[in-house]
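Student:
Protein chains: 2
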Amino acid sequence: MRRDVFQAIADPTRRDIINLIAYKPLNLNSIADNFEVSRPAISQHIKILMECGLIEMKKQGRERYCEAKLEQLNEVSEWIERYRKLWADKFDRMDDILDELKAK
Amino acid sequence: MRRDVFQAIADPTRRDIINLIAYKPLNLNSIADNFEVSRPAISQHIKILMECGLIEMKKQGRERYCEAKLEQLNEVSEWIERYRKLWADKFDRMDDILDELKAK
DNA sequence: ATAATAGGTAAGCATTTGCTTACGCAAATT
DNA sequence: AATTTGCGTAAGCAAATGCTTACCTATTAT
Numbered sequence: 001m002r003r004d005v006f007q008a009i010a011d012p013t014r015r016d017i018i019n020l021i022a023y024k025p026l027n028l029n030s031i032a033d034n035f036e037v038s039r040p041a042i043s044q045h046i047k048i049l050m051e052c053g054l055i056e057m058k059k060q061g062r063e064r065y066c067e068a069k070l071e072q073l074n075e076v077s078e079w080i081e082r083y084r085k086l087w088a089d090k091f092d093r094m095d096d097i098l099d100e101l102k103a104k
Numbered sequence: 001m002r003r004d005v006f007q008a009i010a011d012p013t014r015r016d017i018i019n020l021i022a023y024k025p026l027n028l029n030s031i032a033d034n035f036e037v038s039r040p041a042i043s044q045h046i047k048i049l050m051e052c053g054l055i056e057m058k059k060q061g062r063e064r065y066c067e068a069k070l071e072q073l074n075e076v077s078e079w080i081e082r083y084r085k086l087w088a089d090k091f092d093r094m095d096d097i098l099d100e101l102k103a104k
């Protein structure tokens, strides 16, 4: 029952779920429509995503809207960023980030 | 046998292994000395890390030196960065990165 | 040559994971 | 009031995971 973000995003279906609701919350059945596996399977994935805070649910009548809490990815991001300065292409990527910033 | 980086870093022991050799390659037994589990267990973890390119091995006599190939983390990093602009704290983190750059 | 060291790998096992079908209940529709 | 819809969850199952012990080969030391 170690439900951490690293493990949550290890499953490709769960990553797809996150991707699906990143911009717009969806209710559970709408999410399940996008996958080949059964609704209960999706329900279980969403439970896992909730347990590590990557998703929050808002009840709305009989529907449950799932909203992505992407800031939870920060834990993973920070772990990786610790090593970024050791990569060869460090400055190229920094340039990308700078360009992005300037574009704003 | 889907050996992708996401799954590789889902295991805390494997993350610790990466952390251990991030700056300095170590041979397998030296790595295993840092963990409570057996040497074969570590050997199996390292096999997984190799299969997704996160580690490369250099034979040196009877020793095998394990070197972290951190650029493989890029796949995870890129996946997360796609969502960073959706976080609330985006610009705070950008400031951090800028400060880091300036310090160089 | 013999022994010690480094490490790969198989077999066995308990636990976890991911899925299914079946069922249950609350909210909405008719 | 009866039915349909949305969704949680239990039970069951196959496969994957993580570990152990046992054994093996190759290199180094004595």
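Line by line, the protein sequences give chains A and B. Everything in the first sequence is counted per the UniProt record's numbering, starting at 1 for the first residue and increasing by one. Everything in the second sequence is counted per the UniProt record's numbering, starting at 1 for the first residue and increasing by one. Every residue, glycine too, gets a C-beta built ideally from N, C-alpha and C.
Would you mind reading off the limits of the beta strand (DSSP E) that contains Tyr65 (chain B)?
Tutor: The residue you call residue 65 (chain B) lines up with position 65 of the second sequence. Looking at the DSSP string, the run of the beta strand (DSSP E) that includes Tyr65 (chain B) is 63-68.
Student: Taking only three categories from DSSP, how would you classify Leu26 (chain A)?
Tutor: On the first sequence, position 26 is the one that residue 26 (chain A) refers to. Reduced to three states, the DSSP call for Leu26 (chain A) is strand.
Student: Could you check what DSSP says for residue 111 (chain A) in three-state terms: helix, strand or coil?
Tutor: Because chain A in this structure spans residues 1 to 104, residue 111 (chain A) falls outside the shown range and cannot be described.
Student: Excluding the 5 residues preceding and the 5 following Ile9 (chain A) in the sequence, name in chain order all residues of the same chain whose CB lies nearer than 6 Å to its CB.
Tutor: Translated into the one-based positions of the first sequence, residue 9 (chain A) becomes position 9. Only Arg15 meet the Cβ criterion.
Student: Run through DSSP, which three-state label would Ile55 (chain A) get?
Tutor: To locate residue 55 (chain A), count along the first sequence from 1; it is residue 55. Looking at Ile55 (chain A) - three-state DSSP - the assignment turns out to be strand.
Student: Counting pairs of Cβ atoms below 8 Å between the stretch 20-30 of chain B and the stretch 47-64 of chain B, do you hit three or more?
Tutor: With a cut-off of 8 Å, the stretch 47-64 of chain B and the stretch 20-30 of chain B count as touching, because enough Cβ pairs lie within range.
Student: What in chain B is Cβ-close to Ile48 (chain A), meaning under 7 Å?
Tutor: Position 48 of the first sequence, counted from the first residue, corresponds to residue 48 (chain A). Within chain B, no residue comes near Ile48 (chain A); the closest Cβ sits about 12 Å away, beyond 7 Å.
Student: Do the stretch 69-76 of chain A and the stretch 77-87 of chain B make contact, defined as three or more Cβ pairs closer than 8 Å?
Tutor: The stretch 69-76 of chain A, when compared against the stretch 77-87 of chain B, does touch it at the 8 Å Cβ threshold.
Student: Could you spell out the range, first to last residue, of the alpha helix (DSSP H) harbouring Val5 (chain B)?
Tutor: The count along the second sequence starts at 1 and reaches residue 5 (chain B) at position 5. 5-8 is the extent of the alpha helix (DSSP H) around Val5 (chain B).
Student: Identify the contact partners of Tyr83 (chain A) in chain B, using a Cβ-Cβ distance below 7 Å as the criterion.
Tutor: Position 83 of the first sequence, counting from 1, holds the residue named residue 83 (chain A). Chain B residues near Tyr83 (chain A): Ala22, Leu70, Leu73.
Student: So if DSSP puts Gln60 (chain A) in a beta bridge, which residue, or which two residues, is it bridged to?
Tutor: Counting from one through the first sequence, the residue named residue 60 (chain A) turns up at place 60. Answer by DSSP bridge pairing, in chain order: A:Glu63.
Student: For Asp11 (chain B), which of helix, strand or coil comes out of DSSP?
Tutor: Position 11 of the second sequence, counted from the start, is the residue given in the question as residue 11 (chain B). DSSP places Asp11 (chain B) in coil when its eight states are reduced to three.
Student: Going by beta-carbon coordinates alone, are Ile21 (chain A) and Ala32 (chain A) separated by less than 8 Å?
Tutor: By one-based count along the first sequence, residue 21 (chain A) stands at place 21. By one-based count along the first sequence, residue 32 (chain A) stands at place 32. Their beta carbons are not under 8 Å apart, which means Ile21 (chain A) does not touch Ala32 (chain A) by this criterion.
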